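Mind the numbering: the sequence shown is residues 1 to 337 in the UniProt record's numbering, read in order.
Ideal placement from N, C-alpha and C gives every residue a C-beta, glycine not left out.
For clarity, every value in this text was computed on a predicted model and none was experimentally measured.
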Amino acid sequence: MKYDIVIIGAGIQGLIIARDILARCTDISLMVVDMKLPGLGATGYSAGYDIPGGRTALIKEMSEYSQEYYQQFLNDECGYYPVKTYIHSHSDAKLSYFNAGKYAEVSAPVEDNFLSHYLKTWQCSSCYRGDLHVITQQITRSLGDALEIIEGHFVESIDENDRGIHIKFAGGRLVQASYCIMCPGPWVNSPSFAKYTAPLNIEIKKIVAFHVAWPVSINSAAHYFTDDDAFLLPLLDKQYWLYSYTCQTWGVDPQGLLYVSASDIDTGKSILEKYSLTMSQLVHSGRAFCDAYSPHREPVVDYVNSNKSIVFAGASNGSGFRLAPAISKKVVELLNF
């Protein structure tokens, strides 16, 4: 069977691209395929923490666009809601990460009594959390029969000829497409994709986040520590805090067994104890996964074949959810839909 477009990857990125294309072109045939279930790859591990900023002007712009896009999901039932956030830092210079006008210096926060070293503190506005499970379900339900979502299909190969793109799956199924959009997340360097993605020089880095068993109330605020690029995010529905720090383990295999190691725990504790000795003693378990990082640390959206029929969209450097709508916008513009 031939489709106008096949999107490989049913994470938040692939689903938003499908949603945006179908909003503009209602009469095309579109398939989204995933080797697992929608939203169960890297998307399923994401904290969904959405802060307004970035290390470059482009990422700041993409962050602002994406937050505006997500406003349509803004309520608890749709999975996107505001989170009060405090920024802590030794230096004002670190504030350059955040979008202008989104922060103001305040005295030490009173909502949470576990911080032992406050440093300088700012309150950051326009911070949100997205429940990725709820949002992906919202998108798939809203699209209904407008597209075909194929689950449990591992891409074995992608080839081209004068009739279009041929995608072969491990189970033997073969489909054709006029366009293919690759959103493989951390599986970007898999043999199935390598002939198209190898020139992009994308690296895979481990990501670790701990589940800290400390009471969470409706008044609990998130805390972002700019000196270590780490944060504490209160999850009221889970009744624990998600503590994420910047793991520096590179070259991991997304197909391999990723777990929280003793070294991860030691590193996580040593960072958190700078800010909360009490909570650092509760760092024991959590989640480990990985993500794709580009050489220039900005997302990649570009054609990866000479015929300009295969697009790669990703390498979001740990900000897949946060930048997904802006990446989708670039894909739609690239394909001129």
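In this structure, DSSP gives W214 a state outside helix and strand, which the three-state scheme calls coil. Beta-bridge annotation (DSSP): G314 is paired with V300.
For the 9 Å CB-CB criterion, S126 and K102 form a contact. Residue environment analysis places R129 among the buried positions, since at least 16 neighbouring C-beta atoms fall within 10 angstroms of its C-beta. Considered as a whole, the stretch 166-225 harbours 194-197 as its complete alpha helix (DSSP H) runs of no fewer than 4 residues, in chain order.
Rounded to the nearest angstrom, the Cβ distance from G53 to N113 is 27 Å, too far for a contact under 8 Å. Taking 9 Å as the cut-off, the beta carbon of W214 is found closer than this to the beta carbon of Y240. The shortest CA-to-CA distance from K238 to any of Y80, V216, L37 is the one to V216. Y259 sits exposed, since fewer than 16 C-beta atoms from the chains shown fall within 10 Å of its C-beta. Taking a C-beta distance under 9 Å as the contact criterion, H88 and Y243 do not qualify as a contact pair.
Annotation for S280: the continuous alpha helix (DSSP H) segment containing it runs 277-280. Our two residues, Q123 and Y224, have alpha carbons roughly 10 Å apart in a direct line. Following the DSSP letters along the chain, one finds F321 in no beta strand (DSSP E) but inside the alpha helix (DSSP H) bounded by residues 320-335.
Counting only the Cα atoms, L277 lies some 52 Å from G171.
Assigned with DSSP and collapsed to three states, G164 falls in strand.
Below 8 Å, enough C-beta pairs join the stretch 16-26 and the stretch 129-144 to call them touching: three or more. If you draw a straight line from the Cα of G14 to the Cα of I271, it is about 34 Å long. Taken through DSSP and simplified to helix, strand or coil, L132 comes out as helix. Approximately 6 Å separates the beta-carbon atoms of F154 and F169; this is inside 8 Å, confirming the contact. By the CB criterion at 9 Å, T43 and G79 fall outside the cutoff. Runs of the beta strand (DSSP E) spanning 3 or more residues and lying entirely within the stretch 228-261 occur at 230-235, 240-245, in chain order. Nearest to G48 by alpha-carbon distance, out of N336, S319, L174, is S319.
Judged by pairs of C-beta atoms under 8 Å, the stretch 280-293 does not touch the stretch 224-234, as fewer than three such pairs exist.
Note that the C-beta distance between P325 and A315 is not below 9 Å.
The DSSP-derived three-state label of G44 is helix.
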